[in-house]
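Going by this note's numbering, the sequence shown wraps up at 164, each residue one higher than the last.
Worksheet: the structure to be examined is printed underneath.
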Amino acid sequence: MSTVVLREATEADLEEVLALYQGIEDSPEHVLTLDEARAVLAQFRAYPSYRLWVACESTGSGAEVVGTYTLLVMHNLAHRGAPSAIVEDVVVAADRKGQGIGRQMMAHAAQQAREAGCYKLALSSHRKRTDAHAFYESLGLAQHGLSFSIEP
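Below you can see the structure in the form of structure tokens.
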């Protein structure tokens, strides 16, 4: 099992993060340019509880980003004011899958949600990502409710 360091992403990580997203998008046009990603990261910074995390592995010349996820903690008026968290965009480098990195990232996300007092940690996954579904189920996540979407 590979051990990685999880930390909040910086602008310097964006090229490696975008390369990871290339591996899950249906088309290259769906991945942001570096300038677009910088603008989005600046927007993340405006939210008090929206973070981009990276999993880094030491290399001879520094550290390589081998995984990433985003976590949004949302405050609620319902549920006695307990916040909830959503984990999104979970990606592990294709050549690092099966090494425990995704498991470490999800444990980290759950820890962040617990520390924020969240009553739940939720995620959605595209119907076609059956390998991801099996992974999430192996972590103890269960399907709960239905997810609906509409193009605005």
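Built from N, CA and C at the ideal position, the CB exists for glycine as well.
If contacts are defined as beta-carbon pairs under 8 Å, then residue i and residue j qualify, I think. What distance do you get, rounded to the angstrom?
i       : j       : result
Thr-80  : Val-99  : Their Cβ separation, rounded to whole angstroms, is 11 Å, which puts Thr-80 and Val-99 out of contact at 8 Å.
Glu-69  : Val-16  : 5 Å
Ser-137 : Tyr-148 : 7 Å
Arg-50  : Glu-23  : 6 Å
Take residue i and list the residues in its own chain whose beta-carbon comes closer than 6 Å to its own, dropping the five residues that flank it on each side.
i       : result
Arg-115 : none
Asp-25  : Val-66 and Val-77
Met-118 : Leu-151
Under three-state DSSP, which class holds residue i?
i       : result
Leu-83  : strand
Leu-46  : helix
Val-29  : helix
Ala-67  : strand
Gln-54  : The sequence shown places Ala at residue 54, not Gln. Reduced to three states, the DSSP call for Ala-54 is helix.
Glu-23  : helix
Glu-41  : helix
Ile-113 : helix
Gly-35  : coil
Ala-106 : helix
Ala-191 : In the structure displayed, the chain extends from 13 to 164; residue 191 sits before or after that span and is not available.
Gly-157 : coil
Kindly list the residues whose CB is nearer than 8 Å to the CB of residue i, restricted to its own chain and excluding five residues on each side of it in sequence; keep chain order.
i      : result
Glu-97 : Per the sequence shown, residue 97 should be read as Ala rather than Glu. Cβ neighbours of Ala-97 beyond the five flanking positions: Leu-83, Leu-84, Val-85, Met-86, Ala-121, Gln-124, Ala-125, Ala-128, Cys-130, Lys-132, Leu-133 and Ala-134.
Starting from the C-beta of residue i, find all residues in its chain whose C-beta is less than 7 Å away, skip the five residues before and the five after it, and write them out in chain order.
i      : result
Glu-41 : none
Leu-44 : Leu-30 and Val-52
Asn-88 : Ala-94, Pro-95 and Ser-96
* To do: List in chain order: all unbroken alpha helix (DSSP H) runs of 4+ residues lying wholly within the region 123-152.
  => 142-150
* Given 8 Å, three or more beta-carbon pairs between the region 130-145 and the region 25-35 -> no
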